[in-house]
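Chemist:
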Amino acid sequence: MDITILLRGIIIGFSIAAPVGPIGVLCIRRTLNDGRTIGFTSGMGAATADAFYGCVAAFGLTLVSDFLIGQKFWLSLIGGLFLITLGVKTFTSRPAESSSPDSPRGRGHIAAYASTLFLTLTNPATILSFLIIFAGLGIVNETRNSFAAFILVIGVFIGSALWWLTLSLGVGFFRDKFNAAAMVWVNRTSGIIITTFGIVALLSLVNW
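Quick note: the sequence shown uses the working numbering, first residue 159, plus one each step.
(1) Please name the residue in 183, 352, 343 whose C-alpha comes closest to that of residue 369.
(2) Nearest to residue 280 by CA position, among 305, 317, 247, 237, is which residue?
(3) For residue 320, tell me which candidate among 161, 173, 359 has the shortest Cα-Cα distance.
(4) So which of 364, 251, 240 has the shortest CA-CA distance to residue 347?
(5) For residue 204 and residue 195, I'd like the C-alpha separation in whole angstroms.
(6) Could I get the ranges of all uninterrupted alpha helix (DSSP H) runs contained in the stretch 164-210, with 4 residues as the minimum, in chain order?
(7) Which of helix, strand or coil does DSSP assign to residue 355?
(8) Whose C-beta lies closer than 6 angstroms to the C-beta of residue 349 among residues of the same chain, with five residues either side of it excluded?
(9) Where do the ends of the alpha helix (DSSP H) carrying residue 277 lie?
(10) For residue 167 and residue 354, what's the separation of their Cα atoms in angstroms?
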């Protein structure tokens, strides 16, 4: 196994996951409100979606990528509406009553995972990012065999998961400093930011 392919996958996965967007805001908010495990579980939904799109790019599944890019309008519409709904719900939600550092209250792990998985899959920019990065670095030419492509995708998943683990653990250290009143403002701020991302996604469709 060429360890460099795995390492490059890890770097790519970490780099794509790291920029703060609606998923990052959601993960931070859930970590503060519900604990590290819920925050990390939310991130793993995004990591799974990253691995899926990395798989499409690494294996050269042009039929799948062409279909997803062709459905950019509907993916952006669905994703935007979902973000607005989620943002409004976050804005109006009440802080979790439990103060346990890793309380599973407020959201189930499955719901936390599924929501971020769905949001990331409905973001056309994700698949485009992988296609552009893989092509720009010449990685597609290096992963002609299935085993090398598989190792690359594993690296992408590990890199993305490492970012979400780092974020949830880091934010978790500050959780005890937020009382109920502070969490109300965290929810409101997060709700506004997430809703704004949703509105921007919908506005991008105006001139479609």
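For each residue, glycine too, the CB sits at the ideal point set by N, CA and C. These numbers were taken from a predicted model, which means no experiment stands behind them.
Modeler: Result, derived from the coordinates:
(1) With the chain covering 159 to 366 only, the question about residue 369 has no answer from this structure.
(2) Numbered from 1 along the sequence shown, position 122 holds the residue referred to as residue 280. Of 305, 317, 247, 237, the residue nearest in Cα terms is 237.
(3) To locate residue 320, count along the sequence shown from 1; it is residue 162. Taking only the C-alpha atoms, the option nearest residue 320 is 173.
(4) Here residue 347 corresponds to residue number 189 of the sequence shown, with the count starting at 1. The shortest Cα separation from residue 347 among 364, 251, 240 belongs to 251.
(5) Within the sequence shown, numbered from 1, the residue matching residue 204 stands at position 46. Within the sequence shown, numbered from 1, the residue matching residue 195 stands at position 37. Those two C-alpha atoms are separated by around 15 angstroms.
(6) 180-192
(7) Within the sequence shown, the letter at position 197 stands for residue 355. Correct three-state label for residue 355: helix.
(8) Counting from 1 along the sequence shown, the entry for residue 349 is found at position 191. So the list reads 245, 248, 249, once near-sequence residues are dropped.
(9) Translated into positions along the sequence shown, residue 277 becomes position 119. Taken as a continuous stretch (DSSP letters only), the alpha helix (DSSP H) holding residue 277 covers 267-279.
(10) For this step, residue 167 is matched to residue 9 along the sequence shown. For this step, residue 354 is matched to residue 196 along the sequence shown. Residue 167 and residue 354: Cα-Cα distance of roughly 31 angstroms.
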